[in-house]
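**Student:** Quick one: the structure is below, questions incoming.
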């Protein structure tokens with residue numbers, strides 16, 4: 009067995025845990041460059057990483073702080089944060105704090121909310137996170153290439169009271185398109201890909217490396233934070249021999265529930281927090297598989313149990329439900345109602361069987377291929393990353409309750425992300441959504457119609473866009489204004 013694994017867990021005292029005892033969360037310590045728990049300096053700079061493992065070739069990447077993914081930014085709910093971002097790249101950048109309800113000037117959209125950070129310059133982001141949960145940070149300038157070359161990291165906003173688990177783990181999942189020599193393949197912004205599923209890679213990493221196995225002890229209760237940092241890959245994760253319970257989606261607590269058909273569906277930019285009771289057998293390994301795309305399932309990693317006896321004799325009985333965040337509840341009776349229709353792309357003549365089909369032959373037309381616009385929302389295309397003068401599709405009075413019907417008239421999946429707000433998901437294709445789910449990134453299947461609601465309480469111009477980055481860059485983006 010892995011001796012380093014045994015000694016690592018021993019330092020945490022897990023083997024001394026009694027049957028009823030739950031330990032406080034144990035995430036990695038704050039990085040050396042954090043002045044305090046809510047103050048960080050983050051440097052965007054070139055670097056190198058062995059994405060395929062210690063024996064694979066090095067890959068030239070773009071990093072935050074020299075690592076893939078960037079260091080975990082840990083903040084405290086309701087306490088002011090100061091984050092200085094320094095740009096050591098040879099092009100402009102920004103940082104978007106994905107899912108955090110923050111002031112509009114801190115949202116990281118170049119031109120729309122802030123000037124881009126030019127090479128050699130810095131920008132100070134200041135905000136007070138109102139919500140505890142799992143979030144992440146990434147660029148919103150040349151975002152297709154900058155994210156595709158590695159610029160991403162997790163933000164964890166801690167609850168005011170620790171959650172009773174043995175360990176609190178993060179899996180930031182990303183995919184990469186690598187050449188045989190281990191370089192990141194060129195060809196960002198391919199028009200044909202943009203009109204279909206986007207740039208799906210050929211290598212999937214867990215926290216910056218291809219993972220063969222992740223170590224666990226029998227009897228542990230784990231809070232597992234999943235985040236999909238891919239450009240386009242949608243994931244449907246299965247945990248062999250285990251029954252994970254979903255406790256939060258996109259950072260917002262929900263009613264604890266087992267995922268439908270045992271699959272955790274993760275579109276790009278989505279996060280799901282699981283409570284995972286490790287009830288497997290010591291010394292055994294259990295597969296974690298992604299089987300979203302038809303005929304293309306693969307092993308993401310394995311849950312590798314240590315040889316030690318279970319640390320407790322029965323499943324921990326602490327409550328699974330997380331404390332709710334202070335989200336304003338929309339008044340559905342008086343809400344304004346609007347429809348946003350997703351349009352464009354290549355039309356599929358193959359059946360969209362199962363949960364996805366990357367291999368279907370495409371026919372029919374697509375809009376605006378010559379102009380760079382492939383997609384549209386309500387007939388209007390906004391290409392790129394955001395810029396000054398983007399006219400809003402809709403304008404809301406501050407404090408009004410809003411119901412949006414999102415209609416996907418395309419043959420493709422779209423994770424639709426709304427900046428600055430969380431959305432209460434009311435229904436999908438006419439069926440009420442269970443589990444009191446709030447999301448900032450709503451995954452839309454082909455031909456889906458989803459109703460969401462929110463209170464327009466955060467003033468400013470906010471982007472709504474598909475987080476398949478090729479789709480955003482080629483037109484599936486609009487602006488909603490709160491005045």
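In the numbering used here, the protein residues as written are 9 to 491. Where is the CB? At the ideal position from N, CA and C, for every residue including glycine. Computed from a predicted model, the values in this text were never measured in an experiment.
By the 10 Å Cβ neighbour count, where 16 or more other Cβ atoms means buried, how is residue 69 classified, buried or exposed?
**Tutor:** Counted from its first residue, the chain shown places residue 69 at position 61. Buried, because 16 or more other Cβ atoms sit within 10 Å of the Cβ of residue 69.
**Student:** When the Cβ atoms of the stretch 193-210 are set against those of the stretch 281-295, are three or more pairs found closer than 8 Å?
**Tutor:** Short answer: they don't touch.
**Student:** When you compare each of 463, 212, 328, 432 to residue 182 by their alpha carbons, which one comes out closest?
**Tutor:** To locate residue 182, count along the chain shown from 1; it is residue 174. Cα-wise, what sits closest to residue 182 is 212.
**Student:** Leaving out five residues before and five after residue 92 in sequence, what residues of the same chain have Cβ atoms less than 6 Å from its Cβ?
**Tutor:** Your numbering for residue 92 matches position 84 in the chain shown. Same-chain partners within the cutoff: 49, 130, 132.
**Student:** Using a Cβ-Cβ cut-off of 8 Å (strictly less than) and excluding sequence neighbours within five positions of residue 54, which residues of its own chain qualify?
**Tutor:** Along the chain shown, one-based indexing puts residue 54 at 46. For residue 54, where only same-chain residues beyond five positions count, the Cβ hits under 8 Å are 68, 69, 70, 71, 96, 97.
**Student:** Keeping to the same chain, check which residues put their C-beta closer than 6 Å to that of residue 396; ignore five residues upstream and five downstream.
**Tutor:** In the chain shown, residue 396 corresponds to position 388, counting from 1. For residue 396, where only same-chain residues beyond five positions count, the Cβ hits under 6 Å are 119.
**Student:** Do residue 178 and residue 221 have their CB atoms nearer than 9 Å?
**Tutor:** For this step, residue 178 is matched to residue 170 along the chain shown. For this step, residue 221 is matched to residue 213 along the chain shown. Not closer than 9 Å, so no.
**Student:** When DSSP labels each residue in this structure, what does residue 468 get in the three-state scheme?
**Tutor:** The residue labelled residue 468 in the question sits at position 460 within the chain shown. Residue state, collapsed to three classes: strand.
**Student:** Span of the beta strand (DSSP E) holding residue 422?
**Tutor:** Here residue 422 is taken as the residue at index 414 of the chain shown, counted from 1. Counting along the chain, the beta strand (DSSP E) containing residue 422 begins and ends at 422-426.
**Student:** Is the beta carbon of residue 455 less than 9 Å from the beta carbon of residue 417?
**Tutor:** Numbered from 1 along the chain shown, position 447 holds the residue referred to as residue 455. Numbered from 1 along the chain shown, position 409 holds the residue referred to as residue 417. For residue 455 and residue 417, yes; Cβs fall inside 9 Å.
**Student:** Roughly how many angstroms lie between the CA atoms of residue 351 and residue 415, to the nearest whole one?
**Tutor:** Here residue 351 is taken as the residue at index 343 of the chain shown, counted from 1. Here residue 415 is taken as the residue at index 407 of the chain shown, counted from 1. If you take the alpha carbons of residue 351 and residue 415, they lie about 9 Å apart.
**Student:** Enumerate in chain order the residues of its own chain whose CB-to-CB distance from residue 83 is below 8 Å, with the five nearest sequence positions on each side excluded.
**Tutor:** Residue mapping note: residue 83 aligns to position 75 of the chain shown, counting from 1. Excluding residues within five positions, the ones whose Cβ falls inside 8 Å are 45, 46, 89, 137, 163, 164, 165, 166.
**Student:** Rounding to the nearest angstrom, what Cα-Cα distance links residue 323 and residue 172 in this structure?
**Tutor:** Here residue 323 is taken as the residue at index 315 of the chain shown, counted from 1. Here residue 172 is taken as the residue at index 164 of the chain shown, counted from 1. One C-alpha to the other measures close to 13 Å.
**Student:** Closest by CA to residue 75, which one among 126, 215, 208?
**Tutor:** Your numbering for residue 75 matches position 67 in the chain shown. Nearest of 126, 215, 208 to residue 75, Cα basis: 215.
**Student:** Between residue 343 and residue 408, is the Cβ-Cβ spacing less than 9 Å?
**Tutor:** Residue mapping note: residue 343 aligns to position 335 of the chain shown, counting from 1. Residue mapping note: residue 408 aligns to position 400 of the chain shown, counting from 1. Yes.
**Student:** By a C-beta neighbour count over all protein chains shown, 10 Å radius and 16 as the cutoff for buried, is residue 306 buried or exposed?
**Tutor:** By 1-based counting over the chain shown, the position of residue 306 is 298. Burial call: exposed.
**Student:** Below 9 Å between beta carbons: does that hold for residue 239 and residue 478?
**Tutor:** Here residue 239 corresponds to residue number 231 of the chain shown, with the count starting at 1. Here residue 478 corresponds to residue number 470 of the chain shown, with the count starting at 1. Cβ distance < 9 Å, so residue 239 and residue 478 count as in contact.
**Student:** Short of 8 Å in beta carbon distance, which residues of its chain neighbour residue 481, apart from the five on each side in sequence? Order them along the chain.
**Tutor:** One-based indexing of the chain shown puts residue 481 at position 473. Same-chain partners within the cutoff: 151, 152, 197, 202, 391, 392, 393.
**Student:** Relative to the C-alpha of residue 336, which residue among 446, 387, 402 is closest?
**Tutor:** The sequence position of residue 336 within the chain shown is 328, counting from 1. Residue 446 is the option with its Cα nearest to residue 336.
**Student:** Less than 7 Å between C-beta atoms, sequence neighbours within five positions excluded: which residues of the same chain meet that for residue 389?
**Tutor:** Indexing the chain shown from 1 puts residue 389 at position 381. Within the same chain, residue 389 has close Cβ partners 376, 381, 383, 483.
**Student:** Let me make sure I understand the geometry here. Which of 486, 246, 267, 435 has the alpha-carbon closest to that of residue 425?
**Tutor:** For the purposes of this step, residue 425 is taken as the residue at position 417 of the chain shown. Minimum Cα distance to residue 425 is reached at 486.
**Student:** Could you pull out every unbroken alpha helix (DSSP H) segment of at least 4 residues lying fully inside the stretch 130-213, listed in chain order?
**Tutor:** The stretch 130-213 contains these whole alpha helix (DSSP H) runs: 151-156, 199-202.
**Student:** Which residues in the same chain as residue 345 place their Cβ atom closer than 6 Å to its Cβ, once the five residues preceding and following it in sequence are excluded?
**Tutor:** What you label residue 345 is simply residue 337 of the chain shown in a count that begins at 1. These residues qualify, in order along the chain: 411.
**Student:** Cutting at 8 Å between CB atoms, please list the residues of its own chain near residue 210, excluding the five before and the five after it.
**Tutor:** For this step, residue 210 is matched to residue 202 along the chain shown. Same-chain partners within the cutoff: 183, 184, 185, 186.
**Student:** According to DSSP, is residue 298 helix, strand or coil?
**Tutor:** The residue you call residue 298 lines up with position 290 of the chain shown. Residue 298 falls in the strand class under three-state DSSP.
**Student:** Counting only the same chain and skipping the five closest in sequence on each side, list residues whose C-beta sits under 7 Å from that of residue 403.
**Tutor:** Within the chain shown, residue 403 is the residue found at index 395, counting from 1. Answer for residue 403: 489, 491, listed in chain order.
**Student:** Helix, strand or coil, according to DSSP, for residue 307 in the structure here?
**Tutor:** To locate residue 307, count along the chain shown from 1; it is residue 299. Three-state DSSP puts residue 307 in a strand.
**Student:** For residue 302, which of 79, 427, 243, 101 has the nearest alpha-carbon?
**Tutor:** Locating residue 302 in the chain shown gives position 294, where the first residue counts as 1. That would be 243, whose Cα lies nearest to the Cα of residue 302.
**Student:** Quick one, which of 87, 232, 114 has its alpha-carbon nearest residue 142's?
**Tutor:** The sequence position of residue 142 within the chain shown is 134, counting from 1. Among 87, 232, 114, the Cα nearest to that of residue 142 belongs to 232.
**Student:** Assign residue 355 to one of three DSSP states: helix, strand, or coil.
**Tutor:** In the chain shown, counting from the first residue as 1, residue 355 sits at position 347. Of the three classes helix, strand and coil, the one that applies to residue 355 here is strand, per DSSP.
**Student:** Which ranges would you report for the beta strand (DSSP E) in the stretch 103-131 if only whole runs of at least 3 residues count?
**Tutor:** Runs found: 104-106.
**Student:** Classify residue 443: buried if its beta carbon has 16 or more other beta carbons within 10 angstroms, exposed otherwise.
**Tutor:** Indexing the chain shown from 1 puts residue 443 at position 435. So residue 443 ends up on the exposed side.
**Student:** From what residue to what residue does the alpha helix (DSSP H) around residue 398 run?
**Tutor:** The residue given as residue 398 occupies position 390 in the chain shown. From DSSP, residue 398 is part of no alpha helix (DSSP H); its letter is neither H nor E.
**Student:** Three Cβ pairs or more, each shorter than 8 Å: is that satisfied between the stretch 98-114 and the stretch 457-473?
**Tutor:** In short, these stretches touch, since the Cβ pair count reaches three.
**Student:** Helix, strand or coil, according to DSSP, for residue 256 in the structure here?
**Tutor:** Counting from 1 along the chain shown, the entry for residue 256 is found at position 248. Residue 256: strand per DSSP, three-state reduction.
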